[in-house]
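Here the structure is laid out as structure tokens; the discussion comes afterwards.
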Amino acid sequence: MAVLLITAAGCTKSEFLLFSDIARVQLNDTATLNTTFIYDPATVTKDTVYIQVGTIGGITDHDRPVQLVQVPEYDYTYVRDPITNQVTDTIVTERPFKAVPGIHYIDLADKSMASLMVVKANEASAMIPVILLRDASLKTNSYRLRLQLVANKEFGLGEIGAREQTVVFSDRLERFYSWRVDNGVAPAFTTFGKYSTRKHQFMMDVLKVNIDEVWYQAVLAAQAQQNYQNLLRAALTAFNNDPANIGSGKAPLRETDSPTSPLVTF
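Sequential numbering of the sequence shown, starting at 24, is according to my numbering.
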């Protein structure tokens with residue numbers, strides 16, 4: 024039986040996306056992927072992240088290539104009438120620090136990637152590798168790689184909302200998967216609150232370990248979230264009450280160097 028995707032209220036049958044017509048591919052997860060080289064020794068010059076794709080329409084007896092391309096990202100600023108508050112103009116600006124193929128990652132169109140960017144025979148999903156390069160520029164900025172699925176001879180496209188994903192990477196502290204957003208979707212947010220690099224660094228300074236996805240999964244496995252939250256709260260209180268930190272302006276600890284920045288909390 025055909026599976027229909029209703030894209031908007033009031034659509035007619037002819038506007039439905041009929042997923043049983045051809046093989047289609049879409050992303051299993053569109054959340055931003057964050058990764059960093061900061062924990063790696065200097066000898067490590069490459070890292071790999073994986074884009075999870077799923078297919079619709081059955082399996083085949085041969086490998087099927089998946090095509091991903093880089094696309095720009097944009098910020099939108101809305102200008103409003105001061106009296107009516109109606110939008111009068113929209114300013115579109117391309118986001119900075121767009122990853123550059125050959126410098127920040129291996130071009131997905133490179134011949135060396137062809138055999139890796141496939142859904143294997145008799146399989147309905149795949150982990151598509153994206154190989155990141157440790158350029159010196161990653162120490163000063165976080166670079167963004169927005170990827171979009173493209174239809175090819177093997178696959179049409181699946182749901183509109185499951186076609187693009189962004190990889191953010193650097194050689195600095197970055198969010199890890201369990202702290203990927205500041206809401207309940209990310210379990211580390213529930214444990215430690217709003218993310219900031221200042222908070223992240225404080226946790227590393229206190230605990231003397233790498234605070235990353237591996238560490239957080241170990242915390243979950245040990246059911247030690249509350250213990251770490253209490254420990255970090257106590258350490259933060261001690262830091263903020265230290266006369267030396269107060270005198271130097273380091274305390275109270277804030278999310279950035281701005282004196283009006285929110286206080287770090289746990």
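Think of the CB as a built atom: it goes at the ideal place given N, C-alpha and C, for glycine as much as any other residue. Because the structure is a prediction, the values reported are computed rather than measured.
Contact set for residue i: own chain, Cβ-Cβ below 8 Å, skip 5 residues either direction
i           : result
residue 158 : 126 and 127
residue 137 : 88
residue 154 : 69, 70, 71, 128, 129 and 136
Residue i in three-state terms, based on DSSP
i           : result
residue 161 : helix
residue 225 : helix
residue 134 : helix
residue 245 : coil
residue 285 : coil
residue 67  : coil
residue 210 : helix
residue 183 : helix
residue 109 : coil
residue 232 : coil
residue 259 : helix
residue 173 : strand
Alpha-carbon to alpha-carbon, residue j and residue i
i           : j           : result
residue 160 : residue 46  : 40 Å
residue 131 : residue 261 : 49 Å
residue 113 : residue 254 : 47 Å
residue 50  : residue 285 : 35 Å
residue 277 : residue 230 : 19 Å
residue 233 : residue 183 : 37 Å
residue 140 : residue 228 : 40 Å
residue 134 : residue 97  : 29 Å
residue 190 : residue 111 : 33 Å
residue 105 : residue 281 : 29 Å
residue 100 : residue 118 : 12 Å
residue 63  : residue 164 : 17 Å
According to DSSP, residues forming a beta bridge with residue i
i           : result
residue 98  : 116
residue 198 : Beta-bridge pairing links residue 198 to no other residue.
residue 192 : 58 and 166
residue 149 : 76
residue 128 : 124 and 155
residue 88  : 141
residue 50  : 76
Same chain, Cβ closer than 6 Å to residue i, five either side skipped, listed in chain order
i           : result
residue 173 : 90 and 92
residue 38  : In this prediction, residue 38 has a pLDDT of 39, which is less than 50 and means its spatial position is unreliable; what the coordinates show is noted afterwards. Counting only Cβ-Cβ distances below 6 Å, and skipping sequence neighbours, we find nothing.
residue 147 : 78 and 82
residue 235 : 199
residue 219 : 278
residue 95  : 117
Neighbourhood of residue i by C-beta distance below 7 Å, restricted to the same chain and skipping five residues each side
i           : result
residue 289 : 215, 216, 252, 255, 256 and 259
residue 152 : 71, 73 and 139
Closer than 7 Å: residue i CB and nearest the ligand PLP heavy atom
i           : result
residue 284 : With respect to the ligand PLP, the structure shown offers nothing to examine, as it has no ligands at all.
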